[in-house]
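Q: Here it is, the structure, as structure tokens.
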Amino acid sequence: MAILLALTIGYCVLLNRSLKRLHQDKDAMRQMVADLVGATNLANTAIKELKSSAVEADLALTARLEEAERFGIELANHVTAGTVLMERIAKITSVARHSQAIEPVEPPNKVQSALAQLSERVRSRGAAA
1 MAILLALTIG YCVLLNRSLK RLHQDKDAMR QMVADLVGAT NLANTAIKEL
51 KSSAVEADLA LTARLEEAER FGIELANHVT AGTVLMERIA KITSVARHSQ
101 AIEPVEPPNK VQSALAQLSE RVRSRGAAA
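Using this note's numbering, you'd call the opening residue of the sequence shown number 1 and step up by one each time.
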């Protein structure tokens, strides 16, 4: 019976060591789960902040794009108006150059105009007779 008692005590010692290791592993596992939960919470917070930053950046970019589109339209309107103005100036200068080439620069002399009127009257009387 002493042998059985010794074997039982030895077995109990082995079981006690195994239980201690399990409790140590349990504590380590608890700590690991707590660390994992903390890391998950930090990750969730970081994701929320990233989403918020992404929304803010999207709004800012949208506003800048709309402003750029407005400036583009305004610039196109100015370019069109400038083109029309340039065409008008070109037409005016073309007409001015053409009229200067056709009309003599010299003002008509009073004597020459009187002679021209007189010869016109003579022609008209000769044609009437």
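Using N, Cα and C, we set each Cβ at its ideal position, and we do this for glycine too.
State the Cα-Cα distance for the pair E67 and T45, rounded to the nearest angstrom.
A: So the alpha carbons of these two residues sit roughly 33 Å apart.
Q: Which same chain residues end up closer than 8 Å to A114 when comparing Cβ atoms and leaving out the 5 residues on each side of it in sequence?
A: Closer than 8 Å at Cβ, skipping near neighbours: no residue.
Q: Look at the alpha carbon of A90 and the alpha carbon of E74, and state the distance between them as a whole number of angstroms.
A: About 24 Å.
Q: CA-CA distance, R88 and A60?
A: The alpha-carbon atoms of R88 and A60 are separated by roughly 42 Å.
Q: Taking 8 Å as the limit between beta carbons, can you name the residues of its chain near E49, skipping five residues before and five after?
A: Contacts found: none.
Q: If you draw a straight line from the C-alpha of L42 to the C-alpha of T80, how long is it?
A: Those two C-alpha atoms are separated by around 56 Å.
Q: Measure the alpha-carbon distance for S18 versus V37 and round it to whole angstroms.
A: The alpha-carbon atoms of S18 and V37 are separated by roughly 28 Å.
Q: Taking DSSP as the reference, what is the three-state secondary structure of M32?
A: In the structure shown, M32 sits in a helix (DSSP, three-state: H, G or I).
Q: For a test of the three-state rule: what should DSSP assign to N109, helix, strand or coil?
A: Note: N109 maps to coil in three-state DSSP.
Q: Give the DSSP-derived three-state secondary structure of M86 in the structure shown.
A: Of the three classes helix, strand and coil, the one that applies to M86 here is helix, per DSSP.
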